[in-house]
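**Student:** Before I ask anything, here is the structure I am working with.
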Amino acid sequence: MTDALARRIEDRRDDLVALTQDLVRIPTRNPPGENYREICAALEARLTPRGFAGAWIRAEGAPGDSAAYPRWNIVARREGARPGPCVHFNGHTDVVTLGDGWTRDPFGGAVEGDRIYGRGTCDMKGGLAAAIVAAEAFIDEHPGFAGAIEISGTADEESGGYGGVAHLAREGWFAPGRVDHVIIPEPLGKDRICLGHRGAWWAEIETLGEIAHGSMPFLGDCAVRHMGAVLAAFEAELFPALAARRTEMPVIPDGARQATMNLNALHGGEPARGPGDTSLPACNVPDRCTLQIDRRVLIEEGVDAAAAEIGALLERLKETRPGFDYRLREINRVIPSMTPEDAPVVTTLRAAIADTLGAEAAFVASPGSYDQKHIDRIGALRNCVAYGPGILELAHKPDEWVGITDMRDSARVMGRVLERLLLP
Ligand SMILES: [Zn+2]
Numbered sequence: 025m026t027d028a029l030a031r032r033i034e035d036r037r038d039d040l041v042a043l044t045q046d047l048v049r050i051p052t053r054n055p056p057g058e059n060y061r062e063i064c065a066a067l068e069a070r071l072t073p074r075g076f077a078g079a080w081i082r083a084e085g086a087p088g089d090s091a092a093y094p095r096w097n098i099v100a101r102r103e104g105a106r107p108g109p110c111v112h113f114n115g116h117t118d119v120v121t122l123g124d125g126w127t128r129d130p131f132g133g134a135v136e137g138d139r140i141y142g143r144g145t146c147d148m149k150g151g152l153a154a155a156i157v158a159a160e161a162f163i164d165e166h167p168g169f170a171g172a173i174e175i176s177g178t179a180d181e182e183s184g185g186y187g188g189v190a191h192l193a194r195e196g197w198f199a200p201g202r203v204d205h206v207i208i209p210e211p212l213g214k215d216r217i218c219l220g221h222r223g224a225w226w227a228e229i230e231t232l233g234e235i236a237h238g239s240m241p242f243l244g245d246c247a248v249r250h251m252g253a254v255l256a257a258f259e260a261e262l263f264p265a266l267a268a269r270r271t272e273m274p275v276i277p278d279g280a281r282q283a284t285m286n287l288n289a290l291h292g293g294e295p296a297r298g299p300g301d302t303s304l305p306a307c308n309v310p311d312r313c314t315l316q317i318d319r320r321v322l323i324e325e326g327v328d329a330a331a332a333e334i335g336a337l338l339e340r341l342k343e344t345r346p347g348f349d350y351r352l353r354e355i356n357r358v359i360p361s362m363t364p365e366d367a368p369v370v371t372t373l374r375a376a377i378a379d380t381l382g383a384e385a386a387f388v389a390s391p392g393s394y395d396q397k398h399i400d401r402i403g404a405l406r407n408c409v410a411y412g413p414g415i416l417e418l419a420h421k422p423d424e425w426v427g428i429t430d431m432r433d434s435a436r437v438m439g440r441v442l443e444r445l446l447l448p
C-alpha cells in the first residue's frame, strides 16, 4: 500500500476506537430490533461531512418491523471523481442478546490495553468502524479516485437478514452494475477471507398417534414411540450418511466440513412440568410429537436434495411401520453460497493482505450463514466475501471484545483494496 495511506490510517487510531465506542454505545439488540433509527442517524452524521449521501430504507412489512421497532437501514454512497466500479462495505448494525457472565458494561465500550469491550465490538461494529476509517482515509489520500464507495448499515442479520440485506437486495441495491464488489467486515480475522457459507434447512417433523388412557396404551397409538422410530432411522441411516459427505468448501472448524444436523427441540405429550410443579400428570397416550431439525447443507448437496432425503426417510417409515403417519413442515431455508477463488474481490483482497501484512491469506467458509446469501440469491451478485477484524469465537459471548491493532490492520487491508480497485 502507499505508505501515505498507511500513515493516515495509523494517525486515526484514536478515531477508530472512538467510532467503535460510539456504535457500541447505541444498544441495537435484536430481538426486538431496537435503535436502528439511532444507529443509522449516527452513521449518516459521521459520513455526510465526508461527502457521502445517505439513503434511508425501511424494510416495511419485514418480520419484526413495527412502529415501535422499525427496520431501518442506511446506504451511504460517495461518488469518485470519474466513472469506475463501486466497492460496497456492508455491516449489520444489530447485536445479539447479552446473556449472563458479563464483567464489563456491555454497552460501555471500555478500552483495556489493546481491546475494546462490549456487545457488538467483535460482531461486528468494530469491523464496520474499520471499513469507515479505511474509506475516509482513502478518500482524503486519493480525492481523484474513480468509481464509488458505499457503506451500508443494515438491520436484522442476527435474525436472518430479512429486514436488512434481503430487503435491500430485493429493492435492487446490490444489483450487478450498481455495485461491483462487496466486502462484509464480519469477524473472520485480518488474514482470512471468507468465501461463503453452508446452507441450512430447518423443518418440523410431527408424528401422529391416537390418544387413549395411559393405563391401556394398546387402545391408542403413541406418537412419541413413532418419533422414536424416526430418531432410530436417523441414527442408523442419516447421521452416518451425513458424516461421510465432505465438502470442498474451506469450512471452519473442520467438524463442519461435513453435512450436519442438529435436533433442535423435541416435544411430545403433556406439557413440560415447571420446577415447582407438585401436581400429578394426566395419564394420556400422546397423539402428537414434534421434532425441530436444523440441517446444515453443503454446496455439493443443495437444499432441495437435503429436504428430499428426509422426506424419503419418513415415507419409508410410513410404508414399513404399522400406524406410522407424519407431517413435515419447512421452517426456513438458506442456500449455500460460495464466491469463486478467482473472483475479483477475492484476488484483490488476497493481494492486499500480502501487500499490507506480508501474509498469505487463508480461505475459509462459515459453518453458519451471514448476509452473503441474500446478495448471492436475491441480488445475483457473486463477487462478495466476508473479511474483517475480530475473533469469530468471541461473537455472541459475554465480555466480547475486538483488538484495536487488528482493526487497524484490517482497515489498512481494506484501504489497500480500495487503492487496487479504484485508482487508475
Ligand atoms: Zn455478524
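Numbering-wise, the working numbering puts 179 at position 155 of the sequence shown, and it's gapless, one number per residue. Where is the CB? At the ideal position from N, CA and C, for every residue including glycine.
State buried or exposed for Gly457, treating a residue as buried only when at least 16 other CB atoms are found within 10 Å of its CB.
**Tutor:** The requested residue 457 does not occur in the structure, where the chain is confined to residues 25 to 448.
**Student:** Using beta-carbon positions only, say whether Ile217 and Val99 come within less than 8 Å of one another.
**Tutor:** Contact: no.
**Student:** Would you say the segment 187-203 touches the segment 375-391, given that touching needs at least three Cβ pairs under 8 Å?
**Tutor:** Contact fails: fewer than three Cβ-Cβ distances are below 8 Å.
**Student:** What are the boundary residues of the alpha helix (DSSP H) that Gln45 is part of?
**Tutor:** It spans Arg37 to Val48 - the alpha helix (DSSP H) in which Gln45 sits, taken as one unbroken run.
**Student:** Just to confirm the assignment, what range does the beta strand (DSSP E) spanning Asp215 have?
**Tutor:** Taken as a continuous stretch (DSSP letters only), the beta strand (DSSP E) holding Asp215 covers Gly213 to His221.
**Student:** According to DSSP, is Cys408 helix, strand or coil?
**Tutor:** The answer is strand: DSSP assigns Cys408 an E or B state.
**Student:** Let me check understanding here. Comparing Cα to Cα, which of Ala289, Ile235, Met273 and Asp245 lies closest to Glu228?
**Tutor:** Ranking the options by Cα distance to Glu228, first place goes to Ala289.
**Student:** Please report the straight-line C-alpha distance between Thr429 and Asp138, rounded to a whole angstrom.
**Tutor:** Going from the Cα of Thr429 to the Cα of Asp138 covers about 7 Å.
**Student:** Can you list, in chain order, the residues of its chain whose CB lies under 7 Å from that of Cys246, leaving out five sequence neighbours each side?
**Tutor:** Gly233, Val309 and Pro310, listed in sequence order.
**Student:** Leaving aside the five residues before and after Arg37 along the sequence, list all residues of the same chain whose C-beta is less than 8 Å from its C-beta, in chain order.
**Tutor:** Within the same chain, Arg37 has close Cβ partners Ile428 and Arg432.
**Student:** Just list the alpha helix (DSSP H) runs in the segment 277-344, keeping only unbroken ones of 4 residues or longer that don't cross its boundaries, in chain order.
**Tutor:** Listed in chain order, they are 327-344.
**Student:** Is there at least one non-hydrogen atom of ligand 1 closer than 7 Å to the beta-carbon of Tyr60?
**Tutor:** It does not: the Cβ of Tyr60 is nowhere closer than 7 Å to a heavy atom of ligand 1.
**Student:** Alpha carbon to alpha carbon, what distance is there between Ile163 and Trp225?
**Tutor:** Roughly 42 Å separates the two Cα atoms.
**Student:** Runs of 3 residues minimum, wholly inside the segment 196-273: which ones carry the beta strand (DSSP E) assignment?
**Tutor:** DSSP runs (the beta strand (DSSP E)) wholly in the segment 196-273: 205-208, 213-221 and 223-232.
**Student:** Measuring straight from C-alpha to C-alpha, what distance separates Thr145 and Pro73?
**Tutor:** So the two alpha carbons sit approximately 24 Å from each other.
**Student:** Assuming Phe169 and Leu447 make a contact with CB atoms under 8 Å, what is their CB distance in whole Å?
**Tutor:** Going by Cβ atoms, the distance from Phe169 to Leu447 rounds to 6 Å, so yes, they are a contact pair.
**Student:** Do Ile377 and Asp215 come within 8 Å of each other at the CB atom, strictly closer than that value?
**Tutor:** Yes, the Cβ-Cβ distance between Asp215 and Ile377 is below 8 Å.
**Student:** Going by DSSP, what residue range makes up the alpha helix (DSSP H) through Val275?
**Tutor:** Here Val275 belongs to no alpha helix (DSSP H), and DSSP marks it neither H nor E.
**Student:** How big is the Cα-Cα spacing for Pro107 and Val203?
**Tutor:** Pro107 and Val203: Cα-Cα distance of roughly 13 Å.
**Student:** Quick one: what's Arg101 bridged to in DSSP?
**Tutor:** Per DSSP, Ala77 and Glu174.
**Student:** Is Ala419 near ligand 1, with its Cβ less than 7 Å from a heavy atom?
**Tutor:** Yes; taking the cut-off as 7 Å, the Cβ of Ala419 has a heavy atom of ligand 1 nearer than that.
**Student:** According to DSSP, which residues form a beta bridge with Ser390?
**Tutor:** Beta-bridge pairing links Ser390 to His221.
**Student:** Count the other C-beta atoms from every protein chain shown that fall within 10 angstroms of the C-beta of Leu43, then say buried if there are 16 or more, exposed otherwise.
**Tutor:** Counting Cβ neighbours within 10 Å, Leu43 comes out buried, since at least 16 surround it.
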